[in-house]
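The block underneath contains the structure these notes are about, expressed in structure tokens.
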Amino acid sequence: MKSTTAENFSDNLSEMIDELIKSNEQLKVTTETGNVVVLSESDYNGIMETLRIYSNSQEKEKIIEGLHTKIDDCVSGDEINRNNF
Numbered sequence: 566m567k568s569t570t571a572e573n574f575s576d577n578l579s580e581m582i583d584e585l586i587k588s589n590e591q592l593k594v595t596t597e598t599g600n601v602v603v604l605s606e607s608d609y610n611g612i613m614e615t616l617r618i619y620s621n622s623q624e625k626e627k628i629i630e631g632l633h634t635k636i637d638d639c640v641s642g643d644e645i646n647r648n649n650f
């Protein structure tokens, strides 16, 4: 993870935000009183979805069960689209 000072972040705010959106990287902004992490909305949404899934035990079990499914027993993406699942 890249790191910068709050002063540098403030001076280059627009450019740094554009870069974070393009790169999907996070940026640690350091201050004397503590640090913050800046990330794209896409990354934030992904983290929140992961937390939602892992906080739901039934959904988590379905994912774990799916990981143990033999590839021959899986449905292809074409079949899903064709059958409008």
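Per the numbering used here, residue 566 is the first one in the sequence shown, and the count goes up by one each step.
All C-beta atoms, glycine included, are put in the ideal place defined by N, C-alpha and C.
Nearest C-alpha to VAL601 among LEU616, MET566, MET613: MET566. In summary, VAL640 is exposed, with fewer than 16 beta-carbon neighbours lying within 10 Å of its beta-carbon over all protein chains present.
Bounds of the alpha helix (DSSP H) holding THR615 are 606–620. Contact check for LEU592 and THR569: beta-carbon distance about 6 angstroms, within the 8 angstroms limit, so the pair qualifies. By the Cβ criterion, the region 602–611 is in contact with the region 577–588, since at least three pairs of Cβ atoms, one from each stretch, lie closer than 8 angstroms.
For THR595, the closest alpha carbon among the candidates GLU580, GLU572, GLY642 is that of GLU572.
Assigned with DSSP and collapsed to three states, ASN646 falls in helix.
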